[in-house]
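Residue numbers for the sequence shown follow full-length UniProt numbering, beginning at 1 and rising by one. See below for the structure under consideration.
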Amino acid sequence: MSVLVCLPFINGPLSNLTALNTSLHYAARETRMFNRKKCFVTYDQPLHAKELAIVQESQREDLKNVVVPLDGFHMLMFFLGLIGYIMAVNGIEDLWGTVYEAESVNQILSGHAYAKALRAHIMSFIQHLVI
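This is the structure we're talking about:
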């Protein structure tokens, strides 16, 4: 049986590794308290690499049951950002700039504006089929 436990918010800057480390240790402690074998902790995409490094470099036993996966939504955002990075060289910014404002195009290319990015990629695909 699975148990879903929401972690409390930690007021601290994202670059502060102490706050990230505290959240991981709290999750590990909650896992032991519920007698669970694994704890899956998901974070925003920018924090994923930092959290993964903390877990992998930990010499202590208390983080051995903590798993930091890149969940599906963030993986999709990463994929859209990767496509945007590749397509930016080919002038896709000019095409999307006729529909979206410049800042929106930057967010689409980086994969952060998920809904707009999805619409923009579908629009580009349909335009490619028509031409």
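Just so it is clear, CB atoms sit at the ideal spot from N, CA and C, and this is done for glycine as well. Remember, predicted model here, so these are calculated numbers, not experimental data.
From this set, the options, which residue's C-alpha is nearest residue i's C-alpha?
i	options	result
residue 79	32, 117, 60, 51	117
residue 70	50, 123, 17	50
residue 41	61, 60, 23	23
residue 29	10, 17, 5, 43	5
residue 123	35, 61, 92	92
residue 43	20, 63, 35	20
residue 32	129, 99, 3	3
residue 8	15, 17, 25	25
residue 74	128, 17, 45, 104	45
According to the Cβ coordinates, are residue i and residue j closer than 8 Å?
i	j	result
residue 27	residue 39	yes
residue 68	residue 55	yes
Please go through the same chain and pick out, in chain order, the residues whose beta-carbon is closer than 6 Å to the beta-carbon of residue i, but skip the five residues on each side of it.
i	result
residue 120	96, 108
residue 62	28
Which term fits residue i, buried or exposed, when burial requires 16 or more other beta carbons within 10 angstroms of its beta carbon?
i	result
residue 113	buried
residue 77	buried
Identify, in the order they occur along the chain, each residue of the same chain with its Cβ nearer than 7 Å to the Cβ of residue i, setting aside the five sequence neighbours on each side.
i	result
residue 65	28, 31, 37, 38, 39
residue 11	none
> Are the region 73 to 88 and the region 103 to 117 touching by the rule of at least three beta carbon pairs closer than 8 Å?
Replying inline: yes
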